[in-house]
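See below for the structure under consideration.
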Amino acid sequence: MIPPDASAAFVANMEDVLEVYQRPRDPERPVVCLDETSKQMIVETRAPIPAKPGRKVRHDYEYQRNGVANLFMMFAPLEGWRHVKVTDRHTAIDYAHALRDLSDVHFPGTAKIVLVQDNLNTHKPASLYQAFPAAEARRLVERFEWHYTPKHGSWLDMAESELGVLSTQCLDRRIPDKQILTSEVNAWQANRNKHHAKADWQFTTADARIKLKRLYPQFE
């Protein structure tokens, strides 16, 4: 969706995220972007015709739906690291457990995790209080420095771009069940992490004030 012109709320959140992306890499305060998507499981009802020279694999138009899985993408663009957590649902509880894994499993020794995410209603500190006792929820809230992309500005979340890579390289085909999905996603992320695939973000606040001038309130 296109953001409204002269939106102070949009540019405030945009500049906040862009400021985060301009920070130098700090191993004690890694920047991690989070986003999520879903994947429809599809079971073939007839065996596909194998690919051969000059022709791609051919699938029958008939298929059987086999549920939907949710994928949480956690992407540290300066570290060349990503982790995809596959879940049955995308509730506040699932989100809270993804954050606890991010804190305690993937970055347990850091002083703080700089978290960039969109404004989905479950992507809030309140979700941690739905999932854990108050003391544990507060501990986890304090593990993160919270930053949000503006409404209609999800393109500012680098995890969304990484989900695009995942969709193109791994998910753009029929996958029958969650077990195979998880296995395929794990293989994809292992390869990306092995090569430390990073994001080269170039768009700055200075660029935004010129190229997206219409989004800023104007003053005489």
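Under the numbering used here, the first residue of the sequence shown carries the number 1330, and numbering increases by one thereafter. Cβ atoms here follow ideal geometry from the backbone N, Cα and C, with glycine treated the same way. Note that the structure is a prediction, hence the values are computed from the model and not measured.
Practice prompt. Take the Cβ of His1524 as the centre, count every other Cβ of all protein chains shown within 10 Å, and call the residue buried at 16 or more, exposed below.
Written response: Looking at its Cβ environment, which holds fewer than 16 other Cβ atoms inside 10 Å, His1524 is exposed.
Worksheet item: So the alpha helix (DSSP H) Ser1490 belongs to, where does it begin and stop?
Response: 1487-1495
Practice prompt. Would you check if the distance between the CB atom of Pro1454 and the CB atom of Trp1475 is smaller than 9 Å?
Written response: yes
Practice prompt. Determine the closest residue to Leu1407 out of Asp1430, Glu1365, Asp1355, with distance taken between C-alpha atoms.
Written response: Asp1355
Worksheet item: Which two residues bound the contiguous beta strand (DSSP E) that contains Val1443?
Response: 1442-1446
Worksheet item: Counting Cβ pairs, one atom from each stretch, are 3 or more of them under 8 Å apart for the region 1437-1450 and the region 1359-1371?
Response: yes
Worksheet entry | Beta-bridge pairing of Trp1410 - partner residues as DSSP gives them | Ala1405
Worksheet item: Comparing alpha-carbon positions, which option in Ala1341, Glu1373, Tyr1350, Arg1411 lies nearest Ala1516?
Response: Arg1411
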